[in-house]
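**Student:** One structure is given below, represented as structure tokens, and several questions about it will come after.
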Amino acid sequence: MTICDMSVTELSKKLATGELTSVSIVRAYREAYEADKSSEKPLHGYIEFFETAEQDAARADEARATGDTRPLLGVPFASKDNISIKGKACTCGSALLEGYVAPYNATVTEQLMAAGAIPLGRTNMDEFAMGSSTEYSSYGPSRNPVNRDLTPGGSSGGSAAVVAGGLAPIALGTETGGSIRLPASYCGIYGLKPTYGSLSRSGVVAFGSSFDQVGLLARSVDDIGLMLSVMGGLDRLDDTSTNTDFSALANLKSADISRLKIAIPKEFMEAKGLDPEVAAVFEQTCEWFRSRGATIETISIPVLEAAIGCYYVIALAEGASNLGRFDGIRYGNRRDPGTGYDDLYVKTRSEGCNAEVKRRIIIGNYILSNHFSGDTYKKAVSVRARIQREVAAVFESFDILLCPTSPTTAFPLGEKIDDPPAMYLSDLYTTFANLARIPSLSIPAGKSTQGLPVGVQLCGPQGCEEKILEVARAWEEDK
Ligand code: GLN
Numbered sequence: 098m099t100i101c102d103m104s105v106t107e108l109s110k111k112l113a114t115g116e117l118t119s120v121s122i123v124r125a126y127r128e129a130y131e132a133d134k135s136s137e138k139p140l141h142g143y144i145e146f147f148e149t150a151e152q153d154a155a156r157a158d159e160a161r162a163t164g165d166t167r168p169l170l171g172v173p174f175a176s177k178d179n180i181s182i183k184g185k186a187c188t189c190g191s192a193l194l195e196g197y198v199a200p201y202n203a204t205v206t207e208q209l210m211a212a213g214a215i216p217l218g219r220t221n222m223d224e225f226a227m228g229s230s231t232e233y234s235s236y237g238p239s240r241n242p243v244n245r246d247l248t249p250g251g252s253s254g255g256s257a258a259v260v261a262g263g264l265a266p267i268a269l270g271t272e273t274g275g276s277i278r279l280p281a282s283y284c285g286i287y288g289l290k291p292t293y294g295s296l297s298r299s300g301v302v303a304f305g306s307s308f309d310q311v312g313l314l315a316r317s318v319d320d321i322g323l324m325l326s327v328m329g330g331l332d333r334l335d336d337t338s339t340n341t342d343f344s345a346l347a348n349l350k351s352a353d354i355s356r357l358k359i360a361i362p363k364e365f366m367e368a369k370g371l372d373p374e375v376a377a378v379f380e381q382t383c384e385w386f387r388s389r390g391a392t393i394e395t396i397s398i399p400v401l402e403a404a405i406g407c408y409y410v411i412a413l414a415e416g417a418s419n420l421g422r423f424d425g426i427r428y429g430n431r432r433d434p435g436t437g438y439d440d441l442y443v444k445t446r447s448e449g450c451n452a453e454v455k456r457r458i459i460i461g462n463y464i465l466s467n468h469f470s471g472d473t474y475k476k477a478v479s480v481r482a483r484i485q486r487e488v489a490a491v492f493e494s495f496d497i498l499l500c501p502t503s504p505t506t507a508f509p510l511g512e513k514i515d516d517p518p519a520m521y522l523s524d525l526y527t528t529f530a531n532l533a534r535i536p537s538l539s540i541p542a543g544k545s546t547q548g549l550p551v552g553v554q555l556c557g558p559q560g561c562e563e564k565i566l567e568v569a570r571a572w573e574e575d576k
């Protein structure tokens, strides 16, 4: 096994025993990155591979030699381009923020670094995390390592591509509505969206504040547990921080599947657009659970049909508000002020943002305008409250909720780029978990007949990360 195939758990063990040095790990990843960059169809998962990673690794090796035993000492991780790393550019995949350097660390970055981890590079994303394919990045799209003519999904597509493509052992991503789980599913890896509020968003660029979250993309369940174990806790810099203690996740066990009660939402299985190939892999996954003694019941949650519409109303309204700060005065590359402020705003945004971001600013502001109906946002918020209530009620009788992560497998680059509603429908099954604020883990459940990865989500009640990770671990162990 080469260094680039090893999990975080394996790397940290080998670092502890002295079998590997952090410098050798970072070099292996740099070489893999450079080889990929000069290949015919590069993944383009990284926007920047840090020159400083090797120096950080050398410092970690020195620290170890003097008795430092921090859990992630010398372990590298990749980080999405909307999460601040002090002294590094943080551009959200946008030309508007070209040259912006983060003046401080995001809390999640700080926590990982405090545990000894090393940032390897910034990963590509749809501009301002608005998209499902990474094609809306101003740096150009990333490719899917499984088939390089396909998208890796988005918006954390760069993070998924580097982890699945062996260019990083693990990566941070963010979700507003599925942006970790969708790319994890398309690239055949694990992706966790934790409970809303459990990881701090301080230092993470805002999109839809009532949804935004940090999470992880990884090649194994234990890797997610290990990284999460040093994150969490109360952060006074983020008002939504819930003081979640994840420290026990460093030692995950495998769940006993035989007593598990699983719910499958009928609305998703009957949705138009569910690819029969995805349905077939989902059925095999259900069969595995049944063969281990779990009971599975199909239930009806009619309000789920409103999830995607409800998500897009709230996300666009909040997105338009949050993007207000990118005006060329507070943030964003200032263009020629011309005749005054109006000209400055117009030019800065017209030249700095791509068509999708502009579309969302316009629709989002329209949703919030009195002219349209000031009530639309409020209505969506009340639908969300109902989704939260009805999903929470499911967990009074069931342990987990199981459904496909996406209605389809990864789609070809270019296929949906000019068809926003088709792009939005990639999120058909993911956004309900953001609305309900529950944790959801996408597992690489199997492959289509063309060999494309299919993800299945394990969702639990708020605060139940440990349970869904332990269920996933039992499944992983058996593969
Ligand atoms: N695809 C969704 C959107 O474009 C999700 C984005 C995200 O989770 N950041 O809004």
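First residue of the sequence shown? That's 98 in our numbering, and the numbers climb one at a time after it. Even for Gly, the Cβ is constructed at its ideal location relative to N, Cα and C.
Does any heavy atom of the ligand GLN sit closer than 8 Å to the C-beta of Ala258?
**Tutor:** Every heavy atom of the ligand GLN is 8 Å or more from the Cβ of Ala258, so no.
**Student:** Does the distance between the C-beta of Ser229 and the nearest non-hydrogen atom of the ligand GLN fall short of 8 Å?
**Tutor:** Answer for Ser229: yes, Cβ within range of the ligand GLN.
**Student:** Straight-line CA distance for Thr204 to Asp335?
**Tutor:** In a straight line, the C-alpha of Thr204 is about 9 Å away from that of Asp335.
**Student:** For Ile215, which option in Ala199, Ala265, Ser239, Tyr197 has the closest C-alpha, if you only look at C-alpha atoms?
**Tutor:** For Ile215, the nearest C-alpha among the options comes from Ala265.
**Student:** Would you report the Cα separation of Glu232 and Gln559, rounded to the nearest angstrom?
**Tutor:** Glu232 and Gln559: Cα-Cα distance of roughly 32 Å.
**Student:** Return yes when the C-beta of Leu279 is under 8 Å from any heavy atom of the ligand GLN, and no when it is not.
**Tutor:** Flag set: Cβ of Leu279 near the ligand GLN.
**Student:** Since Cys101 and Ala129 are thought to touch, with beta carbons under 8 Å apart, how far apart are those beta carbons, to the nearest angstrom?
**Tutor:** 5 Å between Cβ atoms; contact.
**Student:** What residue range does the beta strand (DSSP E) around Tyr143 cover?
**Tutor:** Where Tyr143 is concerned, the enclosing beta strand (DSSP E) stretches over 143-146.
**Student:** Measuring from the CB of Gly251, is there a heavy atom of the ligand GLN at a distance below 8 Å?
**Tutor:** Within the cutoff, so yes.
**Student:** Could you pull the start and end residues of the beta strand (DSSP E) that Thr392 belongs to?
**Tutor:** Element bounds for Thr392: 392-396.
**Student:** Does DSSP classify Ile405 as helix, strand or coil?
**Tutor:** Ile405: helix per DSSP, three-state reduction.
**Student:** I need the straight-line Cα distance from Gly262 to Met520, nearest angstrom please.
**Tutor:** Gly262 and Met520: Cα-Cα distance of roughly 24 Å.
**Student:** Among Thr206, Leu169, Leu193, which one has its Cα closest to the Cα of Lys185?
**Tutor:** Checked all of Thr206, Leu169, Leu193; the closest Cα to Lys185 is Thr206.
**Student:** Just to check my reading of the structure: Thr271 and Asp223 have Cβ atoms closer than 8 Å, yes? What is that Cβ distance to the nearest angstrom?
**Tutor:** About 11 Å; that fails the 8 Å criterion.
**Student:** Which of the three DSSP states, helix, strand or coil, is assigned to Phe174?
**Tutor:** Three-state result, Phe174: strand.
**Student:** In angstroms, rounded to a whole number, what distance separates the CA positions of Val45 and Ile361?
**Tutor:** Since the first and last residues shown for the chain are 98 and 576, residue 45 lies out of range.
**Student:** Which of the three DSSP states, helix, strand or coil, is assigned to Ala329?
**Tutor:** According to the sequence as given, residue 329 is Gly; it is not Ala. Looking at Gly329 - three-state DSSP - the assignment turns out to be strand.
**Student:** Pick helix, strand or coil for Asp515, following the three-state DSSP scheme.
**Tutor:** If DSSP states are grouped into helix, strand and coil, Asp515 belongs with coil.
**Student:** Given this structure, state the Cα-to-Cα distance separating Ile458 from Glu415, to the nearest angstrom.
**Tutor:** Straight-line Cα distance between these residues: approximately 9 Å.
**Student:** Ends of the alpha helix (DSSP H) at Lys564?
**Tutor:** Here the alpha helix (DSSP H) through Lys564 covers 562-574.
**Student:** Could you please give me the residues that DSSP links to Gly196 through a beta bridge?
**Tutor:** Paired residues: none, contrary to the question.
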